[in-house]
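Order-wise, the sequence lines are chains W and S. So the first sequence is numbered by my numbering: it starts at 37 and just counts up by one. So the second sequence is numbered by my numbering: it starts at 37 and just counts up by one. Since the structure comes first, as structure tokens, the remarks are kept for the end.
There are 2 protein chains.
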Amino acid sequence: MNRLELLALRGVPAVAPGDDLAALLLEAAGRFGLELGGGVLVVCQKVVSKAEGRVVALAEVTPSAEALAIAEEDGKDARQVELVLRESRRIVRRGRGVIICETHHGFVCANAGVDLSNATGPDHAVLLPEDPDASARRLRDALMARGTGPLGVVVSDTFGRPWREGLVDVALGCAGFRPIDDQRGGPDLAGRILEVTAAATADQLAAAAGLLMPKRSGVPAVLVRGLDPSGDGSVSDTLRDPETDLFR
Amino acid sequence: MNRLELLALRGVPAVAPGDDLAALLLEAAGRFGLELGGGVLVVCQKVVSKAEGRVVALAEVTPSAEALAIAEEDGKDARQVELVLRESRRIVRRGRGVIICETHHGFVCANAGVDLSNATGPDHAVLLPEDPDASARRLRDALMARGTGPLGVVVSDTFGRPWREGLVDVALGCAGFRPIDDQRGGPDLAGRILEVTAAATADQLAAAAGLLMPKRSGVPAVLVRGLDPSGDGSVSDTLRDPETDLFR
């Protein structure tokens, strides 16, 4: 593997609940003569969530007492805070107007991934997919059923991190390749045994694709070519066990 | 920006203290007819550290009482623990045989980045560069002095993260482009104001390049083409202020 090519998929129309995302992505790819098979398609969470109907009208949200209290304290929209709480298993940290949540999936991120920007319209929020690994698998199956040939799929989102400013795209779900490339136990160049080297391939793919998906670009997917997707696995299996995690 | 190309720079010989890294990289690039100018060159920390002589013979390290105690408790080489302590401002977490340190630069990572694998020989450890931003800038200057034309440089390393298994490459230092692409305050597609969107471009470049630099590949650098490096900045300016960080 000496060369990777990343191609932004442009021209995908605004996605609405119930849309056939595979068809929309294939159509856009076809316009550029792009073959998706053999590559890894990184798709941003927002379009996946929209197609799956994970869009909530804020007018229909009744904030709980807890949401009202946090909203009051942080100067936020209580209905949005309510959605954040509903999407969370627990709050990991709260401070400086930021709510770091552990989502029901086990992701640790700001606002449980609830997003108001790029939503389907004003006063709507987009939630993370209920099961992003299943979303990735469904999308992969739908693409392959239309004849793409084997490919990998990543559903990605943009997360902040502790210790460093700036956001990096990470994988929420994947299908069709191993999300972690386990090099543990292999020899290094000097023949010494590597004790712990497990590259988070799915996250590195998401981050790479993020370079072509700046917020206002309207690019919902990036095709990565030159990496042979092999094996299989899910992102949920790569989340650290809270029991062994030093930062919960 | 619709397309990125990543090219692994192969055929770089083993780097030794005092080597002219720019010359070695240019020679390897030249063999493939690669122009480095106009792209971003991601160089792994290991070769930068080696060229800068950040290699320590364990035989010359005398462990302190603290290092001996930790080594005893964790079943580690006390000389290596001593180096970890010397490279650290403080220990952020310790448990399950792992030492998470805050380095003197302000990076939070396992073992303060001290590495035994791929070292220059048995019983040697490689430390992080003393000032990776300065390393990136020197390398950039040296490459441009040899006529590459403007380019960006990232010095990258492979870090673990909280909450997620697997390692992802991050930027330790950079030069010749803005490490954070600040999209704050810009409108999203629906015209709403984006409050916080600052993409960590340097880290996304490092992660992308990491896909072509698996541990045993012997690939010390990856050229990213298709991204117009512009502006300037350093990674050290993008580390979160410990005072405002929720995870220290």
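Glycine included, each C-beta is placed from N, C-alpha and C at the ideal position. Just so you know, these numbers come straight off a predicted model, no measurement behind them.
With burial defined as no fewer than 16 other Cβ atoms inside 10 Å of the residue's Cβ, what is the status of S:P168: buried or exposed?
buried
Taking 7 Å as the limit between beta carbons, can you name the residues of its chain near W:R284, skipping five residues before and five after?
V128, P278
Grab me the residues of S:G212's own chain with a C-beta within less than 7 Å of its C-beta, minus the 5 sequence neighbours each way, in chain order.
R176, P186, L187, G188, V189, P265, D268
Can you look up S:S253 in the DSSP assignment and give me helix, strand or coil?
Of the three classes helix, strand and coil, the one that applies to S:S253 here is coil, per DSSP.
Does the count of Cβ pairs from the segment 100-120 of chain W and the segment 39-53 of chain S closer than 8 Å reach three?
no
Please return the same chain residues whose Cβ sits closer than 8 Å to the Cβ of W:I136, not counting the five positions on each side in sequence.
I127, V128, R129, R130, V144, C145, A146
Give me, in chain order, the residues of the same chain whose beta-carbon lies closer than 7 Å to that of S:A58; leave out the 5 immediate sequence neighbours on both sides.
L175, A178, L179, R182
How about the segment 243-250 of chain S and the segment 54-70 of chain S: do they share at least three Cβ pairs that are nearer than 8 Å?
no
What's the gap between the Cα of W:E201 and the Cα of S:P198?
Looking at the two C-alpha atoms, the distance is approximately 16 Å.
Should W:G149 be labelled buried (16 or more other beta-carbon atoms within 10 Å of its own) or exposed?
buried
Looking only at C-alpha atoms, which of S:T280, S:A234, S:H141, S:A242 sits nearest to W:R252?
Closest by C-alpha distance to W:R252, out of S:T280, S:A234, S:H141, S:A242, is S:A234.
Do you know how far the Cα of W:R132 is from the Cα of W:T98?
25 Å
Report the CB separation of S:L263 from S:L77 in whole angstroms; it is logged as a contact under 8 Å.
Not a contact, Cβ separation roughly 12 Å.
Would you please verify whether the beta carbon of S:I216 is less than 8 Å from any beta carbon of chain W?
yes
Going by the DSSP bridge assignment, what does S:A207 pair with across the sheet?
S:S192
Tell me whether the beta-carbon of S:L61 lies closer than 8 Å to the beta-carbon of S:A257.
yes
Beta-carbon within less than 7 Å of S:S171's beta-carbon, same chain only, minus the 5 sequence neighbours each way: which residues are those?
V84, E88, P165, V191, G209
CA-CA distance, S:D281 and S:L104?
31 Å
What does a CB cutoff of less than 6 Å around W:V204 pick up in its chain, not counting 5 residues either side in sequence?
A243
Exposed or buried, S:E16, counting other C-beta atoms within 10 Å across all chains shown (16 or more means buried)?
Only positions 37 to 284 of chain S appear in this structure, which leaves residue 16 of chain S out of reach.
For W:G152, which residues of its own chain have a beta-carbon under 6 Å away from its beta-carbon, when the five flanking residues on both sides are left out?
Correcting the residue type first, residue 152 of chain W is Leu in the shown sequence and not Gly. Correct list, in chain order: A161.
Under 8 Å, Cβ to Cβ, is there at least one residue of chain W near S:V91?
no
What does the alpha-carbon distance come out to for the pair S:E118 and W:A107?
Here the alpha carbons of W:A107 and S:E118 stand approximately 47 Å from one another.
Closer than 8 Å between beta carbons: that is the criterion. Which residues of the segment 268-283 of chain S meet it against chain W?
T274, L275, R276, T280, D281, L282, F283
Beta carbon of S:L70, beta carbon of S:L42: below 8 Å?
no
Mind reading off the beta-carbon distance from S:L121 to S:E102? Whole number of angstroms is fine, and I expect it under 8 Å.
About 6 Å separates the two Cβ atoms, so the contact holds.
What is the C-beta distance between W:T184 and W:G73, in whole angstroms, given that I count them as a contact (C-beta under 8 Å)?
Contact between W:T184 and W:G73 holds, with the beta-carbon distance rounding to 4 Å and staying under 8 Å.
Just tell me which of S:V255, S:L259, S:V206 has its CA closest to the CA of S:T237.
For S:T237, the nearest C-alpha among the options comes from S:V206.
Report the residue ranges of all beta strand (DSSP E) runs contained in full by the segment 48-104 of chain W; include only those spanning at least 3 residues, in chain order.
76-80, 91-93
Assign S:A93 to buried or exposed, taking buried as 16 or more other Cβ atoms, counted over all protein chains shown, within 10 Å of its Cβ.
exposed
Give me the Cα-Cα distance between S:V134 and S:S124, rounded to the nearest whole angstrom.
Looking at the two C-alpha atoms, the distance is approximately 14 Å.
Measuring CA to CA, which of S:G254, S:Q219, S:S270 is closest to S:D239?
Measuring C-alpha to C-alpha distances from S:D239 to each of S:G254, S:Q219, S:S270 identifies S:S270 as the nearest.
Exposed or buried, which one is W:F195 when buried takes at least 16 other CB atoms within 10 Å?
buried
For S:P158, which of S:V91, S:E109, S:D110 has the nearest alpha-carbon?
Minimum Cα distance to S:P158 is reached at S:V91.
Please name the residues in the segment 158-192 of chain S whose beta-carbon is closer than 8 Å to at least one beta-carbon of chain W, in chain order.
P158
With distances taken between CB atoms, is the gap from S:L241 to S:V260 smaller than 8 Å?
yes
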